[in-house]
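Residue numbers (our numbering), protein chains in the order written: chain A, 3 to 237; chain P, 3 to 237. Note that beta-carbon positions come from the ideal geometry of N, C-alpha and C, so glycine has one too.
2 protein chains.
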Amino acid sequence: MSRAASNGGPDRPLSKGERTRQHILDIALGMFAERGYDGTTMRAIAAEAGVSVGNAYHHFRSKEHLIQGFYEQATVRHAAITPSVLEGRETLAERIEAALLTWLDIAGPYHDFAVRFFRNAADPSNPLSPFSEESSQSRERDIALYREVLEGSKTRVPEDLADVLPELLWLHQMVVVLYWVHDTSEGQEKSRELARRTAPMAARLVALSRLRILRPLVKQGEDLVRDFLITRRPA
Amino acid sequence: MSRAASNGGPDRPLSKGERTRQHILDIALGMFAERGYDGTTMRAIAAEAGVSVGNAYHHFRSKEHLIQGFYEQATVRHAAITPSVLEGRETLAERIEAALLTWLDIAGPYHDFAVRFFRNAADPSNPLSPFSEESSQSRERDIALYREVLEGSKTRVPEDLADVLPELLWLHQMVVVLYWVHDTSEGQEKSRELARRTAPMAARLVALSRLRILRPLVKQGEDLVRDFLITRRPA
DNA sequence: GTCTATAGCCGGATAGAC
DNA sequence: GTCTATCCGGCTATAGAC
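Pasting the structure below:
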């Protein structure tokens, strides 16, 4: 994808097939945004793109695979924009909030059809799930972003929590996203409120996790994350 | 459904249409369990049930609507069985664990096609979502169950938390269910482990919520639940 | 007016020729 | 890599049976 962007040189980095593929994708995303997912047939996409249906299926295994570009694009842009937004924000609460709100900004225009994408979240065998192997690259990119959110903050993070926290913050984001998908409020304002309110709570929890009384519980939670969230390799 | 069960009287509580409907549902659920959802066509269901496709669609608006019976049946059985399992269990941790494990027992046989059902969870406009208006009866039944889990326990519950806790415990169950849907371990043993490990953590959290230092955070969390989880009436 | 059946549309997906 | 032709299955229009 990045190869396709702004390559003004005389060389041809994209083969004919790659250009066709990209063209079909662009047309499809545009049509989805305009007429919705169900309202856009593969026949219509193919016709609009000037290719045959069979050709479209040669490049994309299924209609839903056309959606995959969305998550990919969203995480790339999220990773690209967030760092500048984080600048000058020092508390963990501010930084978490900024990352979440930036995500909502990016995803906003796709709200209607994002539902389609996150339907798949519940189905692990679906390659389009954000938890799937196929999505791992996008997921890792987003988790890395939260590592940056943590490292740049003034809040001291308990050592033993350090390596599971990025995953947990990513999970926090997924919860916000899940709510956002449901969100019918004007401009999805409720989701933004959710982000604004939960960000300081998450930061506070991180700080409180140092408390002596909470240590056993925190330890259990940490082990839980390790055993159930990160261990994703099948035996 | 309850009307259908064990009515040995001479009267006819079920009209011909109702019986046909129930028959189609039974056949469909059986076939789904056997050959999977995608592997079972509406034509095959109709044929096996001895009715026409058109007739099947007269009774069920769509193939997915056939799944609705699953959640309904599962919550009814959950509510029926759990009380006896709770007897003799006094600590909150034990009671939460029992309720969760009972759910897993009930849902077990349907594991393969439950994925289909919970796909819809991410789509609020889908009447099959567990969060939808259409599912509210089943949802309320399950939440009521957790009210019982709480009330029968020896753990003293902070007053202000009392009325949001059943919802939170239900949400806890939904998280377990979400994991269970993903679970590829033998007999979904990992999900049972998740239930066993998180139940005492949930109970511990309830107890800890009385701590002075945690009060502000608990209060915020409580407000959050009220504003974002329970307020479900559209303006 | 409730129930059931036939016949066929529509759109996602595929096989196989070029 | 691209096309044409076709399959397959969810769903519906509509007519007729009870």
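Integer-rounded CB distance, given that residue j should sit under 8 Å from residue i
| i | j | result |
| --- | --- | --- |
| A/Y148 | A/L171 | 4 Å |
| A/L238 | A/G154 | There is simply no residue 238 of chain A to check, as chain A begins at 3 and stops at 237 in what is shown. |
| P/H67 | P/T22 | Not quite, the Cβ-Cβ distance comes to about 15 Å (not below 8 Å), so this is no contact. |
| P/A46 | P/M33 | 7 Å |
| A/A95 | A/A197 | Not really, about 11 Å apart at Cβ, beyond 8 Å. |
| A/F239 | A/Y181 | Outside the modelled stretch of chain A, which goes from 3 to 237, sits residue 239 of chain A, for which no answer is possible. |
| P/M203 | A/G223 | 7 Å |
| A/I29 | A/A51 | 4 Å |
| P/A58 | P/M44 | 6 Å |
| P/V254 | P/V117 | The requested residue 254 of chain P is not part of the displayed model; chain P covers only 3 to 237. |
| P/A100 | P/R91 | 6 Å |
Within chain A, the residues that residue i reaches when beta carbons sit closer than 9 Å
| i | result |
| --- | --- |
| P/Y181 | F230 |
| P/R23 | Within 9 Å Cβ-Cβ: nothing; P/R23 doesn't reach chain A, min ~27 Å. |
Chain P contact residues for residue i, given Cβ-Cβ distances below 7 Å
| i | result |
| --- | --- |
| A/L196 | F230 |
Beta-carbon neighbours of residue i, restricted to chain P and to distances below 8 Å
| i | result |
| --- | --- |
| A/R199 | Q222 and L226 |
C-beta atoms of residue i and residue j nearer than 8 Å
| i | j | result |
| --- | --- | --- |
| A/D144 | A/T77 | yes |
| P/T157 | P/H174 | no |
| P/P85 | P/E169 | no |
| P/I108 | P/R141 | no |
| A/R212 | A/P160 | yes |
| P/R37 | P/L103 | no |
| A/G71 | A/L27 | yes |
| P/F120 | P/V178 | no |
| P/Y73 | P/S17 | no |
| P/L210 | P/L216 | yes |
- Below 9 Å between beta carbons is the criterion; list the residues of the region 204-234 of chain P that meet it against any residue of chain A, in chain order. Taking a C-beta cut-off of 9 Å against chain A, the contacting residues of the region 204-234 of chain P are R206, L207, L210, L213, I215, L216, P218, L219, Q222, G223, D225, L226, D229 and F230, listed in chain order.
- With 8 Å as the C-beta to C-beta threshold (strictly closer), list the residues of the region 138-169 of chain P near chain A in chain order. Against chain A - using a Cβ distance shorter than 8 Å - the region 138-169 of chain P contributes no residues.
- Item | Every unbroken alpha helix (DSSP H) within the region 98-147 of chain A, with a cutoff of 4 residues, ordered by chain | Qualifying alpha helix (DSSP H) stretches, in chain order: 113-121.
- Can you list, in chain order, the stretches of the alpha helix (DSSP H) that have 4 or more residues and sit fully within the region 35-70 of chain A? If we require 4 residues or more, the alpha helix (DSSP H) runs fully inside the region 35-70 of chain A come out as 44-51 and 55-61.
- Task: Let me know the alpha helix (DSSP H) ranges lying completely inside the region 158-186 of chain A, each 4 residues or longer, listed in chain order.
- Result: Qualifying alpha helix (DSSP H) stretches, in chain order: 167-184.
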